[in-house]
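Quick note, the sequence shown lines up with residues 1 to 404 if you use full-length UniProt numbering.
For each residue, glycine too, the CB sits at the ideal point set by N, CA and C.
Read the structure below first, then the notes.
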Amino acid sequence: MYITVEKPKDLFKKCFDFTLADEVKAQGVYPFFHPIDENEGPVVSFGGRKLVMAGSNNYLGLTSNPRVKEASINAIKKYGTSCSGSRYMTGTVNLHLELERQLADFFEKESCLLFSTGYQTGQGIIPTLVQRGEYLVSDRDNHASLVAAAIMAQGAGAKLVRFNHNNMDDLERVLQSIPDNAPRLIVVDGVFSVSGEIVELPRLVELAKQYGARIVIDDAHAVGVIGKGGRGTASEFNLVDDVDLIMGTFSKTFGSLGGYVVGEEKVIDYIKHNASSLIFSASPTPASVAAVLVSLQIIRDQPELMTRLVENTDYVRQGLLKAGFRLMPSRTAIVTVLISDQMKTLLFWKKLFDAGVYVNAFIRPGVMPGHEALRTSFMATHEKEHLDKVITEFCTIGKELGVI
Ligand SMILES: Cc1ncc(COP(=O)(O)O)c(C=O)c1O
Numbered sequence: 001m002y003i004t005v006e007k008p009k010d011l012f013k014k015c016f017d018f019t020l021a022d023e024v025k026a027q028g029v030y031p032f033f034h035p036i037d038e039n040e041g042p043v044v045s046f047g048g049r050k051l052v053m054a055g056s057n058n059y060l061g062l063t064s065n066p067r068v069k070e071a072s073i074n075a076i077k078k079y080g081t082s083c084s085g086s087r088y089m090t091g092t093v094n095l096h097l098e099l100e101r102q103l104a105d106f107f108e109k110e111s112c113l114l115f116s117t118g119y120q121t122g123q124g125i126i127p128t129l130v131q132r133g134e135y136l137v138s139d140r141d142n143h144a145s146l147v148a149a150a151i152m153a154q155g156a157g158a159k160l161v162r163f164n165h166n167n168m169d170d171l172e173r174v175l176q177s178i179p180d181n182a183p184r185l186i187v188v189d190g191v192f193s194v195s196g197e198i199v200e201l202p203r204l205v206e207l208a209k210q211y212g213a214r215i216v217i218d219d220a221h222a223v224g225v226i227g228k229g230g231r232g233t234a235s236e237f238n239l240v241d242d243v244d245l246i247m248g249t250f251s252k253t254f255g256s257l258g259g260y261v262v263g264e265e266k267v268i269d270y271i272k273h274n275a276s277s278l279i280f281s282a283s284p285t286p287a288s289v290a291a292v293l294v295s296l297q298i299i300r301d302q303p304e305l306m307t308r309l310v311e312n313t314d315y316v317r318q319g320l321l322k323a324g325f326r327l328m329p330s331r332t333a334i335v336t337v338l339i340s341d342q343m344k345t346l347l348f349w350k351k352l353f354d355a356g357v358y359v360n361a362f363i364r365p366g367v368m369p370g371h372e373a374l375r376t377s378f379m380a381t382h383e384k385e386h387l388d389k390v391i392t393e394f395c396t397i398g399k400e401l402g403v404i
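Quick look at the structure:
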C-alpha cells in the first residue's frame, strides 16, 4: 500500500511572485535604496552629482558637525569600534552611563535607559510593560515600530485597541470600552512621522487622568524641534510631569544611532531588567554614544539652531502653500506634499531627483491608497539658496504634472 504525501507549497513562492519593485524600476522611477556617495548635510552627492537633501531627519545638521565627528573618532580610539555584547553583560561602557545621566537631566525625569535603535526602544518598552490581559491603546497612525511593538505585546496576550488618528473623542470612546479595573497604556507619536502633525497632548493627558491610563510618547521627530530648548512634545505643552515615559531616537536630531527612554526610576529599572530587545542585542557603539553626548551639549548651548530650523521649514511651507500645493497639517520640520496618486508621486520624485532635489516618496504600503505623498524635511543648516531651489523645482514640476 502506498501513502501519497502532498508536497508542501514553497514558502518562498511569494518572493518569486513579487514583481512590484521590478516594475517600478523598469519605468525608471524607483525611489528607494539610492546610495549616497558623499554627505555634507544639506547637500549630498549621488553618482558624483550634487543634490539638495530635503528628506533627511538630520534636523539640526549635526551629522556633519566637526565636534560631533571628532567625539566619535576619539571614542573609537579609546573603546574600539563595538561593545561586542549587550548592555546587560559586557556591553556597558562609561559613556552609556554618562549619556543616561545627562538625558534624564535634560528631560527632567528621574532615569534613562539607552537602546541600540529607536525601533528597539519601542520593542523594549511596550511588550515589557503591557502584559497578558492589560490594554495597549494606540493611535492608528503611530510609527511602524510602535505598530510592530504592539503586535508583539498582543502576541503575548496583551489587548490592543486602536483609536482614530489624533482624535481625542475616539480615544475617549476606546478608553470607555476597556473594563474598569484593567491596567492600560496609551502610546502615541509626539510628532507623527509621515505628516509632521503634533499630538493633541493636553486633551490626551486629561483623558489619561480621567480613565487611569499611563502614557508613552515617541518623540523621535520632536526633540530638537519643539518644546523648551528642544525638549520635545511634553515640554511644548508644559506637561512633562504628566507624561510617564518619553522615548526617542538618536538617528534624527542627535545625528547618531540609538534610542532612549526616560521616566520614573522604578519603571526604567523594570524595563532594564526585562526588555528582550535590550538584553539580547548589542549595546549602542561607543562612537554613536559619544556623538550624542556632544550633540546634546550643542542642543543646550546653541538654541539658535532650533530657531533656524523653524525659519527654514516655515519658509518652504509658505512657499509651497502659496504655489497651491496641498500640505499635511504640520508646524514641525516635516512638510508633506499630498499627491494622492502612486504613479504621479513616483514620477514627481524622479523629476525632482533629476533636477537636483532629494525628497522621500511615500507610496503603498507606507501610506493608504489616495494618501501618496512627497515628504520633505529640513535642517537648521540649509541655506536660503537650497530652500529656494526646493520651492522652484517643486513649482516647475508641480505645474508640468498638473499637481498645481
Ligand atoms: C516615530 C519614530 N519612532 C521610531 C523610529 C525608529 O528609530 P530608529 O531609526 O532609531 O530605529 C522612527 C524612525 O523613523 C520614528 O520616526
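Discussion item. For Leu204, tell me which candidate among Phe192, Ala104 and Glu172 has the shortest Cα-Cα distance.
Written reply: Glu172
Worksheet item: Looking only at DSSP bridge pairs, what is Phe360 linked to?
Response: The sequence shown places Asn at residue 360, not Phe. Asn360 is bridged to Arg375.
Worksheet item: For Leu185 versus Phe237, is the C-beta spacing smaller than 7 Å?
Response: no
Discussion item. Taking 7 Å as the threshold (beta carbon to beta carbon), is Lys7 in contact with chain D?
Written reply: Of the chains in the structure shown, none is chain D; there is only one protein chain.
Item to complete: Using alpha carbons as the reference points, say which of Gly118, Ile404, Asn57 and Gln27 lies closest to Gly259.
Response: Gly118
Fill in: Segments of 3+ residues assigned as beta strand (DSSP E) that fall wholly inside the stretch 241 to 283
245 to 249 and 259 to 263
Worksheet item: Given that a residue counts as buried once 16 or more other Cβ atoms are within 10 Å of its Cβ, and exposed if not, what is Tyr2?
Response: exposed
Worksheet entry | Burial state of Glu23 (16 or more Cβ within 10 Å) | exposed
Fill in: Of the listed residues Leu51, Asp37, Gln131 and Phe18, nearest to Lys350 (C-alpha basis)
Leu51
Worksheet item: What residue does the alpha helix (DSSP H) around Ser145 start on, and which one ends it?
Response: Ala144 to Gly155
Fill in: Residues proximal to ligand 1 by C-beta, any heavy atom closer than 6 Å
Thr117, Gly118, Tyr119, His143, Ser145, Asp189, Ser193, Asp218, Ala220, His221, Thr249, Ser251 and Gly259
Discussion item. If you reduce the DSSP assignment to three classes, tell me which class Ser235 lands in.
Written reply: helix
Worksheet item: Could you give the distance in angstroms between the alpha-carbon of Ile178 and the alpha-carbon of Ile217?
Response: 21 Å
Worksheet item: What span of residues does the beta strand (DSSP E) with Phe46 cover, start to end?
Response: Val43 to Phe46
Worksheet item: Buried or exposed: which applies to Arg49, given that a residue is buried once 16 or more other Cβ atoms fall within 10 Å of its Cβ?
Response: exposed
Worksheet item: Is Leu97 buried or exposed, if buried means 16 or more other CB atoms sit within 10 Å of its CB?
Response: exposed
Item to complete: Drop a sphere of 10 angstroms on the beta-carbon of Val174, count the other beta-carbons inside from all chains shown, and report buried for 16 or more, exposed for fewer.
Response: buried
Item to complete: Would you mind stating whether Ser256 and Ala222 have Cβ atoms separated by less than 7 Å?
Response: no
Worksheet item: Which first and last residues belong to the beta strand (DSSP E) in which Phe394 is found?
Response: Not the beta strand (DSSP E): Phe394 falls in the alpha helix (DSSP H), residues Lys384 to Glu400.
Fill in: Outcome for Gln210 when other beta-carbon atoms lying within 10 angstroms are tallied against a minimum of 16
exposed
Worksheet item: Short check: CB of Ala333 to CB of Thr128, under 7 Å?
Response: no
Worksheet item: Assuming Phe254 contacts Ser195 under a Cβ cut-off of 8 Å, what Cβ separation, rounded to an integer in Å, is found between them?
Response: The pair is not a contact, with the Cβ atoms about 22 Å apart (cut-off 8 Å).
Discussion item. Let's test the definition: count the other Cβ atoms within 10 Å of the Cβ of Met306 and tell me whether it reaches 16, buried, or not, exposed.
Written reply: buried
Discussion item. Looking at the strands, I want to know which residues DSSP matches up with Arg214.
Written reply: Leu185
Worksheet item: How would you write the range of the beta strand (DSSP E) that Cys112 sits in, first residue to last?
Response: Ser111 to Phe115
Worksheet item: So what does DSSP say about Ile404, is it helix, strand or coil?
Response: coil
Worksheet entry | Delimiting residues of the alpha helix (DSSP H) encompassing Tyr88 | It is not in any alpha helix (DSSP H) - Tyr88 carries neither H nor E in the DSSP assignment.
Discussion item. Using 8 Å for Cβ pairs, my map puts Leu309 next to Val225. What's the rounded Cβ distance?
Written reply: 7 Å
Worksheet entry | Sub-7 Å separation of Gly263 and Asp244 beta-carbons | yes
Worksheet item: Which word fits Lys25, buried or exposed, when buried means at least 16 other C-beta atoms lie within 10 angstroms of its C-beta?
Response: exposed
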